[in-house]
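The structure under discussion appears below in the form of structure tokens.
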Amino acid sequence: MKIKITTKELKSDFAKEVKDRSGIDVKKCYQCGKCTAGCPVAYEMDYMPNQIIRFVQLGLKREALTSRTIWLCASCITCTTRCPKEVKIAELMDVLREMSLEEGLANPLEKNITTFHQAFLNSVKKHGRISELWMLNEYKMKRPKTALQDLIIGPQMLSKGKLSFLPHDIKGKDAVKRIFEKCK
Amino acid sequence: MQIKEKTRIGYYPGCAITMGSSSEEYGTSVLRVAEAIGPELEEIHDWNCCGASSAHATNHKLSTALSIRNISLAEQSGFKEILAPCPMCSQRLIISQKDVADDEELKKDVEDAIEMPCNGDVKILNYLELIKNYCMDEIAEKRKKTPKDLKIASYYGCLLLRPPKVLQFDDPENPTSMEEIVEATGAISVDWELKTNCCGGGFTLSRTDIVLKLTNDILECAVDAGADAIAVACPMCHANLDMRQKKIEKEYNRKFNIPIVYISELIGLALDLGPISLGLNKHFIDTESVVNAFA
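These protein sequences, in sequence, are chains A and B. Taking our numbering, the leading residue of the first sequence gets 4, the next gets one more, and so forth. Taking our numbering, the leading residue of the second sequence gets 344, the next gets one more, and so forth.
As structure tokens, then:
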């Protein structure tokens, strides 16, 4: 892998920005690669988890925030559990995802994942709880290529009473809406 | 005579295990078992979704506030302990509780967002913890059925154990609490490698290919270790291993046909609560072999 690094990037305060937001100090990482060795999704990633940390160490913000890796992290937290330097790698992925969305840099190749998160949260915002059927519906409408994928499972779930047409509205759904407004 | 005060625990089911949801049999069996052997569970009034992966992956403050609202509601009802059988929920609640305890500014923002104070002295229990703390003697006393030669692979997945520093539950690399419960039901535990591996969790719709690969590895490992069934305590693990099993078999060209049972269902069978009332008819992979082992 060859990446050009400019002096401007090396001098940037990306690592500090990450630390200020999350308390995670990437400078502690000495690149042993244990996080990558135990990552169950590494085989699908464009950059290995330890490379993402390296990007943050070197100020390569764009590389980190446009990577597919940050979205492919399944938050299983095996990396954080095993890190000999106690770097919270899985939690680092959370803050990088957040920054990636804020800056409009989310990798379009993982649009299924970001759309799913959106559909999920829209359901919580509207009802206070997840309405699985309607969340599924929103996701499939926005990602039509996935529409045919669960044609067998969906009806089977319905027949077993595992999907409900009625959304679960809670009494405090307006309070939940206000949480969303205040946490923008 | 002194009357022993009943333990009253706040019940936070979360979205996935309530009636009419994808894993309702987990909620059903948790409640049936609690009715039979306690402790008394009382649903937290008007609870909301914890936001799960989608909130913490995209907005830390939102994720924290959604979780803390539930803890504050429980505090207001006077609960000292909350049971959250879904590990996504229990993990989110515990992490959020720690995050606000460690960060005064976040706590202020969260209290402002939820329009309630949060003191944070409620203990969140996952289902294995609840059983270990309150029910082991009761299971031994009230067990009516002993399964005949039923070998179970206990599958923990991620969220019951990690991050270990925050959750402080069992050994993160080689946990044994589920095996202890399995053995208390009279079943036999098998030793296997992948009990703490990830199933792909929330990628079931967005990156089904990843889920199929990870779950195939898990099913293969359990079957090769000689398991007749896999025990779980997580609705996402269950959905991926049970509902997706036919698809995994097709994709990887191997027949598993291995029942995936909730640990609460196993306890229920040992207590002779009846398979239908425990929701064992709701599974995609037939559970008859497990039910028959308890006959």
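Glycine is no exception: its CB is placed at the ideal position from the N, C-alpha and C atoms.
Give every residue of the same chain whose Cβ lies closer than 6 angstroms to the Cβ of residue i, excluding the five residues on either side of it in the sequence, and list them in chain order.
| i | result |
| --- | --- |
| L537 (chain B) | I561 and C564 |
| D16 (chain A) | none |
| W535 (chain B) | A496, C564, A565 and A568 |
| L503 (chain B) | P430 and N469 |
For residue i, write down the residues that DSSP places opposite it in a beta bridge.
| i | result |
| --- | --- |
| S532 (chain B) | B:I495 |
| V604 (chain B) | B:A574 |
| R351 (chain B) | B:E383 |
| E424 (chain B) | B:K466 |
Just checking my contact of residue i with residue j at CB under 8 angstroms: how many whole Å lie between their CB atoms?
| i | j | result |
| --- | --- | --- |
| A576 (chain B) | L471 (chain B) | 6 angstroms |
| A636 (chain B) | C186 (chain A) | About 49 angstroms separates the two Cβ atoms, so there is no contact after all. |
| G529 (chain B) | P578 (chain B) | Contact flag wrong, Cβ pair sits at about 25 angstroms. |
| T539 (chain B) | E516 (chain B) | 7 angstroms |
| R24 (chain A) | V98 (chain A) | 5 angstroms |
| T361 (chain B) | G353 (chain B) | Actually they are not in contact, since the Cβ atoms of T361 (chain B) and G353 (chain B) sit about 15 angstroms apart, beyond 8 angstroms. |
| C393 (chain B) | S410 (chain B) | 5 angstroms |
| G500 (chain B) | C432 (chain B) | Their Cβ separation, rounded to whole angstroms, is 14 angstroms, which puts G500 (chain B) and C432 (chain B) out of contact at 8 angstroms. |
| I73 (chain A) | S103 (chain A) | 6 angstroms |
| E12 (chain A) | T401 (chain B) | About 26 angstroms; that fails the 8 angstroms criterion. |
Residues in its own chain within less than 7 angstroms of residue i by CB, not counting five upstream and five downstream?
| i | result |
| --- | --- |
| K180 (chain A) | K128 |
| N520 (chain B) | Sequence inspection shows Ser at residue 520 (chain B); the Asn mentioned does not correspond to that position. Excluding positions up to five away in sequence, the list reads L471, K475 and D513. |
| R375 (chain B) | G611, L616, S620 and L621 |
| V443 (chain B) | T407, I411, L449, K450, V453, C461 and G463 |
| N125 (chain A) | E141 |
| F183 (chain A) | K128 |
| S607 (chain B) | Y369, S372, V373, V376 and Y470 |
| L112 (chain A) | R71 |
| L650 (chain B) | Here chain B comprises residues numbered 344 to 638, so residue 650 (chain B) is not present and cannot be evaluated. |
Around the Cβ of residue i, are there at least 16 other Cβ atoms within 10 angstroms (buried) or fewer (exposed)?
| i | result |
| --- | --- |
| A150 (chain A) | exposed |
| Y33 (chain A) | exposed |
| D177 (chain A) | exposed |
| Q54 (chain A) | buried |
| L166 (chain A) | buried |
| T350 (chain B) | exposed |
| P87 (chain A) | exposed |
Kindly list the residues whose CB is nearer than 8 angstroms to the CB of residue i, restricted to its own chain and excluding five residues on each side of it in sequence; keep chain order.
| i | result |
| --- | --- |
| F340 (chain B) | As displayed, chain B neither begins before 344 nor continues past 638, which places residue 340 (chain B) out of reach and without an answer. |
| A45 (chain A) | T39, M51 and P52 |
| I6 (chain A) | L63 and E66 |
| E385 (chain B) | R351, I352, G353, Y354, S420 and F422 |
| G157 (chain A) | L139 and L166 |
Is there a Cβ from chain A that is less than 8 angstroms from the Cβ of residue i?
| i | result |
| --- | --- |
| M579 (chain B) | no |
| M586 (chain B) | yes |
| P618 (chain B) | no |
| L548 (chain B) | yes |
| N391 (chain B) | yes |
| P506 (chain B) | yes |
| K598 (chain B) | no |
| G611 (chain B) | no |
Kindly say whether residue i, judged by its beta-carbon, lies nearer than 8 angstroms to any beta-carbon of chain B.
| i | result |
| --- | --- |
| Y33 (chain A) | no |
| V21 (chain A) | no |
| D97 (chain A) | yes |
| N110 (chain A) | no |
| M160 (chain A) | yes |
| G164 (chain A) | yes |
| R100 (chain A) | yes |
| C38 (chain A) | no |
| K185 (chain A) | yes |
| Y142 (chain A) | yes |
With a cut-off of 8 angstroms, does the C-beta of residue i fall near any C-beta of chain D?
| i | result |
| --- | --- |
| S78 (chain A) | No chain D appears in this structure, whose protein chains are A and B. |
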